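S.K.: The structure's right below; bear with me while I get my questions together.
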Amino acid sequence: MIDYSQEPEVSTSTLEFLVGKTVDTVLNWSPATMFFLGNQKKWAGSRMRFPIKYASNTQGMWFTGLEKFSTTATSNFINMEFDPTGREINSVMSQREVDINETNKVIDIIARRMASDAQDMASDIATSFYTLQTGNAFLSLFDACDDGTLGASSYGGLSRTTYSGLAGNYVAIGGNLTLANMRTEYNLCTHGPEMPNLLLTGKTIWGYYEKLLTPTLSNQITAMAAAGYAKFTGADGRGVPNIVAPGTPLRGAQGFNTITYAGVPVVADETLGAIQSGYLLMLNTKSINFYGIPTKKEGYQAVKFYSDTMDSVYNVPVTTGFSFSGFNTPIDQYGSVGHIILQGNLICDNPRLNGVMVTITGS
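In this note's numbering, each residue's number is its place in the sequence shown (first place is 1) plus 1295.
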């Protein structure tokens, strides 16, 4: 870096320039988190109960005449139960810094602080969605997809050993991703008309699947009736290219930026890839929802992720459920303190429609 203090002609005559937008170099993008938070359902009651059928009525019988039918009652139903929880992040400003900023402002530091903290909170929640639930954290997608192997031995307060229909579809690949093992997992997650509609993985596994598709690519070349396509066959002694059959140049095409499996989008989620390598989730998003609790406390207001002051992967217009308390002035500090909150939980009402493939190492 140049030390302009040694060049007084410049340092005493030219102002430094501050770009009016701060660039985020920290956060990883999680489109799945934004999908679930942006399509919230409303929480109701002290806890959410989801009735499930866990056993069939086995009292039926074949008959040919006057055999006595069974009158034994069966118990086939039970409730999954989920409690709400919440996530908070503080927003703290020094009033001295605000005062100085107002004297010659290029960036509104209050707006930047608010946007940055809200985006950090979204990133924290994304991490929780890809981490087995502990403490007061939201339930995760892994909790929904597990069969107990990853550690989620129960779901909705019910044992997956006792209630086997609550088991997700866990498959340990232990090697290369193949179309065959993807089909196996897809079939495990499919029941009647319900099937996966979103595949989530990290960038590395996304690339493994792209590699599986690459051999199926075909480039069709149609020769022009008169001249055909351009072909380079070398150069003459003077280095002049020797072009024969001049016409439309031949261009190659390789690689994908969007891929699907069985018509289902395969999405690269940076947060998932950063937390767990070798994972691929097959989700039925109709069975998974974030149930949010809107705050009713006076003074709280919706939070906007988007800000002209920040260039971030979370600079998106998703605000559902996030609330800010407003700034309060401490009695013994020259500054302001506020809190951003989100309440609710991520709940799957039918885990057997979802699955997780682990230990994928190549293709």
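Quick reminder that beta carbons are idealized off the backbone N, C-alpha and C, glycines included.
Predicted model, so just to flag it, every value in this text is computed and none were measured.
I'd like to know whether the C-beta atoms of Ile1347 and Ile1373 end up nearer to each other than 8 Å.
M.R.: Taking a C-beta distance under 8 Å as the contact criterion, Ile1347 and Ile1373 qualify as a contact pair.
S.K.: Give the list of continuous alpha helix (DSSP H) stretches no shorter than 4 residues that lie fully inside the stretch 1412-1475.
M.R.: 1436-1440
S.K.: Mapping the DSSP letters down to three states, classify Arg1342 as helix, strand or coil.
M.R.: coil
S.K.: Is Gln1390 helix, strand or coil when you go by DSSP?
M.R.: helix
S.K.: Taking 7 Å as the cut-off, is the beta-carbon of Gln1354 closer than that to any non-hydrogen atom of the ligand COA?
M.R.: The ligand COA is absent from the structure shown, which contains no ligands of any kind.
S.K.: Are the beta-carbon atoms belonging to Ile1636 and Gly1381 less than 8 Å from one another?
M.R.: yes
S.K.: Does Ile1626 pass the burial test, meaning 16 or more other C-beta atoms within 10 Å, or should it be called exposed?
M.R.: exposed
S.K.: Under three-state DSSP, which class holds Ser1365?
M.R.: coil
S.K.: Looking only at C-alpha atoms, which of Phe1585, Thr1499, Leu1361, Ala1439 sits nearest to Thr1654?
M.R.: Thr1499
S.K.: Considering only their Cβ atoms, is the gap separating Leu1493 from Pro1589 smaller than 8 Å?
M.R.: no
S.K.: On the CB-based measure, 16 or more other CB atoms within 10 Å of its CB, does Gly1616 come out buried or exposed?
M.R.: buried
S.K.: Given Val1387, which residues of its chain have a CB within under 6 Å of its CB, disregarding the five upstream and five downstream residues?
M.R.: Val1632
S.K.: Assuming Ser1658 and Leu1495 form a contact by the criterion Cβ under 8 Å, report the distance between their Cβ atoms to the nearest whole angstrom.
M.R.: That belief does not hold up - the Cβ atoms of Ser1658 and Leu1495 are roughly 17 Å apart, past 8 Å.
S.K.: Output the distance between the C-alpha atoms of Tyr1458 and Val1393, rounded to the nearest integer angstrom.
M.R.: 57 Å
S.K.: On the criterion of 16 or more Cβ atoms from any shown chain inside 10 Å, does Tyr1629 qualify as buried, or is it exposed?
M.R.: exposed
S.K.: Please work out which residues of its chain come closer than 7 Å, Cβ to Cβ, to Ser1411, disregarding the five sequence neighbours upstream and downstream, and give them in chain order.
M.R.: Met1605
S.K.: Give the C-beta separation of Gln1335 and Phe1600 to the nearest angstrom, bearing in mind that I take them to be a contact with Cβ-Cβ under 8 Å.
M.R.: With 8 Å as the limit, Gln1335 and Phe1600 do not qualify as a contact, their Cβ atoms being about 15 Å apart.
S.K.: Please classify Asp1441 as buried or exposed, where buried requires at least 16 other C-beta atoms within 10 Å of its C-beta.
M.R.: By the neighbour-count criterion, in which a residue is buried when 16 or more other Cβ atoms sit within 10 angstroms of its Cβ, Asp1441 is buried.
S.K.: I need the DSSP call for Asn1482, collapsed to helix, strand or coil.
M.R.: Look at Asn1482 here: in three-state DSSP terms it is helix.
S.K.: Can you tell me whether Ala1521 is helix, strand or coil according to DSSP?
M.R.: Low confidence applies to Ala1521: its pLDDT is 49, below 50, so where it sits in the model is not reliable enough to give any reading.
S.K.: Might you give, ordered along the chain, the residues of its own chain that have their beta carbon closer than 7 Å to the beta carbon of Ala1521, omitting 5 neighbours on each side?
M.R.: Any reading at Ala1521 needs caution, since the residue's pLDDT is 49, under 50, leaving its predicted position unreliable; the model's value is listed next. Here the set comprises nothing.
S.K.: Considering only C-alpha positions, which residue in the set Asn1352, Val1401, Glu1376 is nearest to Thr1367?
M.R.: That would be Asn1352, whose Cα lies nearest to the Cα of Thr1367.
S.K.: Here's the rule I'm using: 16 or more other beta-carbon atoms within 10 Å means buried, otherwise exposed. How should Lys1581 be labelled?
M.R.: exposed
S.K.: Within the continuous alpha helix (DSSP H) that includes Pro1326, where are the two ends?
M.R.: 1326-1333
S.K.: What do you reckon, are the CB atoms on Thr1485 and Tyr1465 nearer than 8 Å?
M.R.: no
S.K.: Residues in its own chain within less than 6 Å of Leu1434 by CB, not counting five upstream and five downstream?
M.R.: Gln1428, Asn1640, Leu1641
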